[in-house]
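2 protein chains.
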Amino acid sequence: MPGVLCGVDIGGTKCSIALIDYDGNILDKIYTCAHVEEEEDGMVKMVAGHVKELLQRNQLKETDLPALGVGCAGHIRFSEGVIITTSNLKGYNNYPLRDELQSHFEIPVIVDNDANAQAVGEHKFGAGKGYEDMIFVTISTGIGAGLIINGKPYRGMTGTAGEFGHSIVEPDSELICTCGNRGCIMACACGLALPHLFEKKLKEGMKTLIKMPPNFNISKINGQTLKKGLDIGDPVSKAVISDSAYYVGIGLYNLFQTLNPPLIVLGGGLTNWGDFYLNKIKETFYELARDMIFDPIEITLSKIIGDAGVIGAAGLTME
Amino acid sequence: MPGVLCGVDIGGTKCSIALIDYDGNILDKIYTCAHVEEEEDGMVKMVAGHVKELLQRNQLKETDLPALGVGCAGHIRFSEGVIITTSNLKGYNNYPLRDELQSHFEIPVIVDNDANAQAVGEHKFGAGKGYEDMIFVTISTGIGAGLIINGKPYRGMTGTAGEFGHSIVEPDSELICTCGNRGCIMACACGLALPHLFEKKLKEGMKTLIKMPPNFNISKINGQTLKKGLDIGDPVSKAVISDSAYYVGIGLYNLFQTLNPPLIVLGGGLTNWGDFYLNKIKETFYELARDMIFDPIEITLSKIIGDAGVIGAAGLTME
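Dropping the structure here:
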């Protein structure tokens, strides 16, 4: 099996370890949720074990891989592969993930933020193929971006470039982000904001078609709830999705003015809202950008379906 | 005279042409306001003539220069050296400035946006010396930025990267920018906004210590008026300067989250407001960034005094 890459995607719910080919196709994969139960060191041993298991059952040696690529949500100090903080997993403050994993392998281990990894994946295998510059934006529980500049991921000083989800677009907003600030895009537009936005519409007198039993916990409203709402034409779901799209549209416009990219690729769970969402995002974007666009900019959905995280992590090893 | 560079800074009021050394010191300079009276072609001839005059009176040949560097306000298509639009000079829509200038010279002519040129100047000769990455932000009539990424200016697809002054920070603001949008940083914080902000404070009942005769035209309020106000402790001037600083602080914070730079250098006329202004900008920045700064970021004033534009333009020829 020539030309094989290996990636690990460590998320708050699931952990995927996969072998992929140089076209970004998954060849074999292990998927687990057990890592959430483990302490840091136990998780590292588990991941290392799964990588070795994958290699063994595919008759591969470790040295058949150029490196091991790991994507992890949170603030990652890229140069050292240290998780500074992550809200997805308990613990892991200033945890030297790369060094710990490295002790199990001869080949280099690369640890990056998951949005950066996905940007690399999209650039190598997806919608960004052939582009020198692009921005990948993931919209799910939170919002983050990965920047590809001059053909390479750009991570900034620490490795946290692309954290534009925390950029402020409504300083007096009543919505407060987990970061503590008011009115960053994350507070206004992402998964975390949905229950608040939904409740606000109800308080404003809108009626929802979503069945809400008396003990319905509004904090459980998530992207999937609203997707179902959208499918049955629920006006509240549509209004909340429109609000999210509006702030994402502003965010993309701000990225456009700052970085003037030829391509913005959107991924993450909330893009499952589909064309209604994408069109509203574009509507806001083009309304703001109007006559300040001098060369066409493409705004498109990710072309890597499902396993973007682990494919992106593997893509890191092609650098 | 070995190691000489030549830059041209074309502004809405003045035009500077200068020879500088490789340390960024001005060796000789011609300064004119007559270019404003000329049509496009007349301006080009005038500039070319002044460059040749400078060379001649310093016993230099054109080929002693690596190139001719030109900085110009407005939207510049860098690859072609075309002024797409500029609000500083009449005309110049899709004007091929580089080709027109090039017809007068054997050496290459480089035309860039003035903020990009100043970023290059700051990076080569000023506060950014030795940094691989930095952002230069100019705050004057408008607000713009020049990005240095991996040791080089980053201009994006068209050449308009760094136009973050148009990024939206207050979508429902009553302040509308010349671009037509509400609540971009330019609308809220820069020279253009000052009369509106000043008037608003008066309407809110604040009393100014600035002498305002009955026929005083409030639209003439500018950075210098407010500097005088600041010097005499005028509460309205201080409040307006604080408001501007607040929005600039948000803008820098948004840049920080998006690009994670080690250094942001501030230049432009409004930085003459001095420490009061800089401290307020930093106050907002650090209040927002708090525990999301993992490596020190420096926010400092330009170290190139006075002729940053023409020095930056000359710096373009060192690329």
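Each protein sequence line maps, in turn, to chains A and B.
Read left to right, the first sequence gives residues 1 to 319 (our numbering).
Read left to right, the second sequence gives residues 1001 to 1319 (our numbering).
No residue lacks a Cβ here, since even glycine has one placed at the ideal position from N, Cα and C.
Straight-line Cα distance separating M186(A) from V36(A): Computed Cα separation, rounded: 24 Å.
Beta-carbon proximity of V1236(B) to K1280(B), cut-off 7 Å: Taking 7 Å as the Cβ cut-off, V1236(B) and K1280(B) do not qualify as a contacting pair.
Local Cβ density within 10 Å of R1320(B), reported as buried at 16 or more and exposed below that: The structure shown does not extend to residue 1320(B), since chain B spans only 1001 to 1319, so no value can be given for it.
Validate contact between the segment 68-86 of chain A and the segment 155-162 of chain A using beta carbons, cut 8 Å, 3 pairs: Enough Cβ pairs lie closer than 8 Å, so yes.
Cβ-based burial, Q56(A) [other Cβ within 10 Å; buried from 16]: Exposed.
Cut-off 8 Å between Cβ atoms - residues of its own chain near G233(A), not counting five sequence neighbours on either side: Taken in chain order, the residues that qualify are L209.
Cβ-heavy atom distance, E38(A) to the ligand HEM, below 6 Å: Absence of the ligand HEM is noted for the structure shown, with no ligands found whatsoever.
I1344(B) versus A1067(B) - alpha carbon distance: Here chain B covers residues 1001 to 1319 and nothing more, so residue 1344(B) does not appear.
Contacting positions in the segment 1140-1171 of chain B - beta carbon closer than 9 Å to chain A: Listed by position along the chain: A1145, L1147, I1149, N1150, K1152, Y1154, R1155, G1156, M1157, T1158, G1159, T1160, A1161, G1162, E1163, F1164, G1165, H1166, S1167, I1168, V1169, E1170 and P1171.
Contact with chain B by F136(A), beta-carbon distance below 7 Å: For F136(A), the answer is no, since every Cβ of chain B falls outside 7 Å of its Cβ.
Residue of A117(A), G274(A) and Y92(A) minimising C-alpha distance to E319(A): For the residues A117(A), G274(A) and Y92(A), the minimum Cα distance to E319(A) belongs to A117(A).
Per-residue contacts from P1294(B) into chain A (C-beta, under 8 Å): One detail in the question is off: residue 1294(B) reads as Phe in this sequence, not Pro. Residues of chain A passing the Cβ test: H75, R77, I84, T158 and T160.
Start and end residues, alpha helix (DSSP H) containing D231(A): Per DSSP, D231(A) belongs to the alpha helix (DSSP H) from G223 to D231.
Start-to-end residues for the beta strand (DSSP E) that takes in H1075(B): Per DSSP, H1075(B) is one residue of the beta strand (DSSP E) stretching across H1075 to R1077.
Exposure label - M1212(B); buried when at least 16 CB within 10 Å: Exposed is the call here.
Any chain A beta carbon closer than 7 Å to L1288(B): Between L1288(B) and chain A, the shortest Cβ-Cβ separation is below 7 Å.
Range of the contiguous beta strand (DSSP E) that encloses D1028(B): Its beta strand (DSSP E) spans residues I1026 to T1032.
For V1240(B) and E1320(B), the rounded distance between their alpha carbons: This structure cannot speak to residue 1320(B), because chain B is shown only from 1001 to 1319.
Stretch pair the segment 83-91 of chain A + the segment 1011-1026 of chain B: three plus CB contacts closer than 8 Å: Taking 8 Å as the limit for Cβ pairs, the verdict is that the segment 1011-1026 of chain B does not touch the segment 83-91 of chain A.
Cβ pair count under 8 Å reaching 3, the segment 138-155 of chain A against the segment 1219-1229 of chain B: Because the criterion of three Cβ pairs below 8 Å is not met, the segment 138-155 of chain A and the segment 1219-1229 of chain B do not touch.
In chain order, each alpha helix (DSSP H) run of at least 4 residues that lies wholly inside the segment 156-199 of chain A: Counting whole runs of 4 or more residues, the segment 156-199 of chain A contains the alpha helix (DSSP H) stretches 185-189.
Within 7 Å, strictly: CB atoms of L1252(B) and I1264(B): Taking 7 Å as the Cβ cut-off, L1252(B) and I1264(B) qualify as a contacting pair.
Element boundaries [beta strand (DSSP E), containing E1113(B)]: The amino acid occupying residue 1113(B) in the given sequence is Asn; Glu does not appear at that position. Taken as a continuous stretch (DSSP letters only), the beta strand (DSSP E) holding N1113(B) covers V1109 to N1113.
Listed by chain order, chain A residues near L1255(B) by CB distance under 9 Å: The answer, in chain order, is S167 and T258.
Terminal residues of the alpha helix (DSSP H) in which A145(A) lies: That residue, A145(A), is in no alpha helix (DSSP H); its beta strand (DSSP E) goes I143 to I149.
Residues of its chain near T86(A), where Cβ-Cβ distance is below 6 Å and the 5 sequence neighbours each way are ignored: Within the same chain, T86(A) has close Cβ partners A73, G74 and Y92.
L30(A) and H50(A) closer than 7 Å at C-beta: Residue identity check: residue 30(A) is Ile in the sequence provided, not Leu. Yes, the Cβ-Cβ distance between I30(A) and H50(A) is below 7 Å.
F1294(B) beta carbon less than 7 Å from that of I84(A): Yes, they are a contact pair.
C33(A), buried or exposed, once every other Cβ within 10 Å from all chains shown has been counted against 16: It is exposed - the Cβ of C33(A) has fewer than 16 other Cβ atoms within 10 Å.
Unbroken beta strand (DSSP E) run spanning Y286(A), endpoints: Segment D275 to A289 is the alpha helix (DSSP H) holding Y286(A); no beta strand (DSSP E) there.
Bridge partner(s) assigned by DSSP for L1263(B): DSSP lists E1298(B) as partners of L1263(B).
Enclosing beta strand (DSSP E) for I1017(B) [first to last residue]: Unbroken beta strand (DSSP E) run through I1017(B): C1015 to D1021.
Presumed contact (8 Å Cβ cut-off) between L301(A) and T258(A), rounded CB distance: L301(A) to T258(A), Cβ: 22 Å. No contact.
Terminal residues of the beta strand (DSSP E) in which V310(A) lies: Boundaries around V310(A) are those of the alpha helix (DSSP H), A308 to G315, since no beta strand (DSSP E) includes it.
Length of the line joining the Cα atoms of H166(A) and I1218(B): Put simply, the backbone Cα of H166(A) is about 37 Å away from that of I1218(B).
Rounded Cβ spacing between V1310(B) and A1018(B) (contact assumed at less than 8 Å): Confirmed, about 5 Å.
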